[in-house]
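I have placed the structure first, in the form of structure tokens, so that the comments after it can refer back to it.
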Amino acid sequence: MAFRMQSSEAAGGDPESELDLAALDEALARDETLLEETAEARPVPTAEGPRCPLCGWPNPEDARRCAGCDIDLRDGSPPPFDRFRPPLLDRRWIAAGAVLLVLAALGFGIRAAIRAGADRRALLRGERELAAGRLEPARRAFEQATRYRSDNAAAWAALADTLARLGRLEEARAAVQRAERFGARDNVHTNLATGRILLAEGRAQQALAALRAAHERRPSLGSVLHLLGDAYAALGDEPAALAHYEQALREDPDAPEAPHSRLALAALALHRSRLDQAEALLAAARTDPGADRLALALLEGELHRRRGERLAAVQSFREAVRLAPGAAEPAFRLARALRELKLPGQALEALRPALAEAPTSTAYRRLEADLLLDLERPHEAEQRYLALGQRPPGDAAALTAAARIALRDGRTEAAHKRLAQALAVDPAYAPAALALARLALERKDPERAIAVLRAALERDPLAVELRTELGRALLAAGRRDEAAVALEVAVQSGADTPAAARARRLLADLYRADGNLPAALRHLEALAAQRPDDRALQFERVAWLLEAGRREQAARVLETIAPRWPDAPELARLRAALTAPPH
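Residue numbers (the working numbering): 247 to 829.
Right under this line is the structure:
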């Protein structure tokens, strides 16, 4: 206080100086307090040693840094910067982090190993389901395998094959692309799926290449053989299709495709008129729970039709209609079978679902026209035939049918025009050529008939009907030698056909008129052997034998046929001729 007083007086008692000294006193008091607190926070020296040149703190003799300010006592350098950084991690935290990282790595590894095993197990489960024909469980298993491991090429390939079997072609195509992307381009399942997709799209030749590749990789796989049969059948190679179907059913009769192959083989057997083989296959298909019941009913109906069992055929087709109400093909086949039973009204009614589902089908519209004609509705039938015939690229059969209706009504010019149109559509269509030639013969124009028939024979030289009609036209034109040649060729080509029988009749009359009775008798006797129930022909044979002077043979033939027709008027006349003395 004395110091402050003296200072104030020395300053001349200035009040402002007094105020400044008071503020300074307060600041000094605060500094003293701070120094005391700092001194308390500093470590207490244990022994007297060199003092710090910066803070004056006494340090031990062996100290390298000041305990008060942490400067280097040797060179006075300041303390390192890290001393003032707060510690972020100590050793305990670092060790704990390392342990956590190791545990996480182990967890991820164990999870990956478990998932890798899971995708293999799902793939094997799907293969077992697929081999047993359970497609939906197989699909789910393969999809699970792809979820466990998205780059599993084998799982994608098997999934593609399963989806193709289920008819889900777009999904199957996408799965094939995934399988190929992950390296399964040459996988058997990839080839099978590709083959199935291409077959469904109607690209049989490309499907055949894919299926052959699958067969080369696994020859024992029955599915490949079944599908190869389908590919060859689609290409029209029936012998190869039959061979593959038979081999597939022999080597792997329990394959998922076996029911389909059995029915396909039955259809081929029917087409090749192997009725017993078809019946055996259909009998096996009846007991097969995997067989397509609709296809089975249709094939059974066709088998009954081929055997002439029309009522049984109608029953089978009715069953097919029941299984697929409103479907076109069962309705069409039922209508056709009813027409064969001479029930055109019921047939037309049965055909209506087919016409509603496929109104542009040529086969369905032609059957409708045939039924209208059977029902004595010729005008409607003619309109249907003309509509079919004029639809591009044309229908020779429909135009010929319309021409026949016109001929029946006496409209020869219209008939002639339609027959010419039919031949323009198909120059080798024999019914049109025959109808046009007969129309020309009725008009006394045999040369026109000859030209039409020869043009048709150039395209179909083995047509016996055309050859026989050509012989008749040549006879009408007076060209007997050419007629004889044409008729002889028809006889040799036609065997026991009705056209060959007509040719024999014409030849017999031709040779008899020319005085060549032995040649005439040769053809007449052959004709009589073919038609033993023709009474007029049998008695005519006896008369010709008498005319040729072969009385003993005539007597033997007459005694043979007399018991069959004892009241025939020809019998008494021929017996009288035999008992009369020869001329």
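Here a beta-carbon is modelled for each residue, glycine too, at the ideal position from N, C-alpha and C.
Span of the alpha helix (DSSP H) holding residue i?
| i | result |
| --- | --- |
| GLU555 | It is not in any alpha helix (DSSP H) - GLU555 carries neither H nor E in the DSSP assignment. |
| PHE578 | 574–586 |
| LEU454 | 450–463 |
| SER507 | 504–517 |
| THR606 | No alpha helix (DSSP H) contains THR606, which DSSP labels as neither H nor E. |
| ARG758 | 744–759 |
| LYS690 | Neither: LYS690 is in no alpha helix (DSSP H) and is coded neither H nor E. |
| GLU816 | 815–825 |
| ASP522 | 521–532 |
| ARG431 | Where ARG431 is concerned, there is no enclosing alpha helix (DSSP H), given that its DSSP letter is neither H nor E. |
| LEU653 | 642–654 |
| SER466 | Unbroken run through SER466: none, as it is neither H nor E. |
| TRP402 | 399–411 |
| PRO764 | 763–776 |
| PRO624 | 624–636 |
| ALA666 | 658–671 |
| LEU712 | 710–722 |
| PRO383 | 381–394 |
| TRP811 | Segment: none, TRP811 is in no alpha helix (DSSP H) and carries neither H nor E. |
| ARG496 | 484–497 |
| ALA787 | One point to set straight first is that residue 787 is Arg, not Ala, in the sequence displayed. 781–793 is the extent of the alpha helix (DSSP H) around ARG787. |
Out of the options, which one is the CA nearest neighbour of residue i?
| i | options | result |
| --- | --- | --- |
| ALA747 | GLU793, ASP760 and PRO778 | PRO778 |
| LEU471 | PRO639, ARG496 and THR658 | ARG496 |
| ARG802 | LEU824, ALA351, ARG366 and ALA814 | LEU824 |
| ARG463 | GLU786, ASN433 and ARG552 | ASN433 |
| LEU720 | ARG623, LEU687, SER607 and LEU703 | LEU687 |
| TYR675 | ALA822, LEU488, LYS690 and PRO707 | PRO707 |
| HIS435 | LEU712, GLU373, ALA494 and PRO485 | GLU373 |
| ARG367 | TYR757, GLU375, ALA391 and ALA351 | ALA391 |
| PRO639 | LEU669, ARG654, GLU626 and TYR610 | LEU669 |
| LEU587 | VAL560, ARG612 and ALA573 | VAL560 |
| ASN437 | LEU767, GLY413, ALA510 and LEU473 | LEU473 |
| ALA814 | TRP402, GLU798, PRO827 and GLU786 | GLU786 |
| GLU595 | ARG612, ALA577, THR608 and ALA479 | ALA577 |
| ALA455 | GLY656, PRO465 and THR440 | THR440 |
| PRO502 | LEU770, PRO485, ARG411 and ALA479 | ARG411 |
| ASP760 | HIS625, ASP727, VAL735 and GLN776 | ASP727 |
| ARG827 | LEU792, ALA765 and LEU601 | With the sequence shown as reference, residue 827 is identified as Pro, and Arg is not the correct amino acid for it. Nearest of LEU792, ALA765 and LEU601 to PRO827, Cα basis: LEU792. |
| GLN799 | GLU816, ASP780 and GLU771 | GLU771 |
| LEU405 | ALA384, GLY413 and ARG395 | ALA384 |
| ILE443 | ALA504, PRO304, ARG689 and LEU409 | LEU409 |
| ALA364 | TYR394, LEU716 and ALA341 | TYR394 |
| ALA702 | ALA543, ALA679 and GLU693 | ALA679 |
| ALA573 | GLU565, LEU580 and ALA600 | ALA600 |
| LEU753 | ASP742, CYS301, ALA602 and HIS769 | HIS769 |
So if DSSP puts residue i in a beta bridge, which residue, or which two residues, is it bridged to?
| i | result |
| --- | --- |
| ARG297 | PRO304 |
| ASP318 | ARG311 |
Can you round the beta-carbon distance between residue i and residue j to whole angstroms, since I take them to be within the 8 Å contact cut?
| i | j | result |
| --- | --- | --- |
| TYR491 | SER507 | 5 Å |
| LEU844 | ALA512 | Because the chain in this structure spans residues 247 to 829, residue 844 falls outside the shown range and cannot be described. |
| LEU481 | ALA450 | 5 Å |
| LEU621 | PRO590 | 5 Å |
| VAL788 | LEU820 | 5 Å |
| ASP397 | PHE428 | 5 Å |
| ALA652 | ALA660 | 4 Å |
| LEU685 | THR658 | 7 Å |
| GLU575 | LEU549 | That belief does not hold up - the Cβ atoms of GLU575 and LEU549 are roughly 16 Å apart, past 8 Å. |
| GLN667 | GLY635 | 7 Å |
| GLY547 | ALA583 | 7 Å |
| ALA401 | PHE388 | 5 Å |
| TRP790 | ALA822 | With a Cβ gap of about 17 Å, TRP790 and ALA822 do not count as contacting. |
Could you tell me whether the region 528–537 touches the region 561–577, where touching means 3 or more Cβ pairs closer than 8 Å? The region 528–537 vs the region 561–577: no contact.
Three or more beta-carbon pairs under 8 Å between the region 421–436 and the region 513–526, yes or no? no
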